[in-house]
């Protein structure tokens, strides 16, 4: 069952749509769940589907299509590297290789201490700043070099109280 805070947020969101179009709030519902829990479990998708009166498969299709949703625990800081062509041409492969080496994990994995998750994502719409990654789908970090990546990782490692 969706928590009370998620239900309250979702009820506010639903006011933006016609009564018979509740499924329009599915992306917001998934975001609310992920913000609270850090990821979206199959049970959460079933709860969202029930709340919005839509098929569970339809919720899964949305959650699995967009790269901003975590369908498994991805650590306190999820780094999503853009690997589309403009970023690739600007050094995304080097960015991924450096992160893999520094974190000791591959794409789709989480560090043993649970601090970092690493994954690839689609275009983030800021090709001028390539290569880039996001931190928890909230902070965009661009024009990445090995030194800048190391600085960002150091800052994230010492950050206190951040949500997953």
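Residue numbers (my numbering): 527 to 690. Yeah, the Cβ is synthetic: ideal placement off N, Cα and C, and Gly gets one too.
* Asked: In its own chain, which residues sit with a C-beta less than 7 Å from the C-beta of residue 683, not counting the 5 before and 5 after it?
  -> Counted from its first residue, the chain shown places residue 683 at position 157. Hits under 7 Å: 641.
* By Cβ distance, which residues of its chain are closer than 8 Å to residue 596, with the 5 residues on each side in sequence left out? -> Walking along the chain shown from the start, residue 596 turns up at place 70. Same-chain partners within the cutoff: 560, 564, 565, 566, 604, 643.
* Simplified DSSP state of residue 476, which is helix, strand or coil -> A query on residue 476 cannot be resolved here, the shown segment of the chain reaching from 527 to 690 and no further.
* Asked: Since residue 575 contacts residue 581 with CB under 8 Å, what's their CB separation in whole angstroms?
  -> Here the question's residue 575 lines up with position 49 in the chain shown. Here the question's residue 581 lines up with position 55 in the chain shown. With a Cβ gap of about 6 Å, residue 575 and residue 581 count as contacting.
* **Given residue 540 as reference, the closest of 569, 578, 674, 530 once Cα atoms are compared** => As a position in the chain shown, residue 540 is number 14, starting the count at 1. Residue 540 has its Cα closest to that of 578, out of 569, 578, 674, 530.
* Going by Cα to Cα distance, which pick from 617, 601, 552 is closest to residue 587? -> Looking up residue 587 in the chain shown gives position 61. Closest by alpha carbon: 552.
* To do: State the beta-bridge partners of residue 646 as determined by DSSP.
  => By 1-based counting over the chain shown, the position of residue 646 is 120. Bridge partners of residue 646: 607.
* Ordered along the chain, which non-local residues of its own chain (more than five positions away) have a Cβ less than 7 Å from that of residue 637? -> To locate residue 637, count along the chain shown from 1; it is residue 111. Within the same chain, residue 637 has close Cβ partners 601, 629, 630, 631.
* Asked: What number of angstroms, rounded off, separates the C-alpha of residue 672 from the C-alpha of residue 593?
  -> Counting from one through the chain shown, the residue named residue 672 turns up at place 146. Counting from one through the chain shown, the residue named residue 593 turns up at place 67. So the two alpha carbons sit approximately 24 Å from each other.
* Asked: Under the DSSP definition of a beta bridge, which residues are partnered with residue 635?
  -> Within the chain shown, the letter at position 109 stands for residue 635. Answer is 644, bridged to residue 635.
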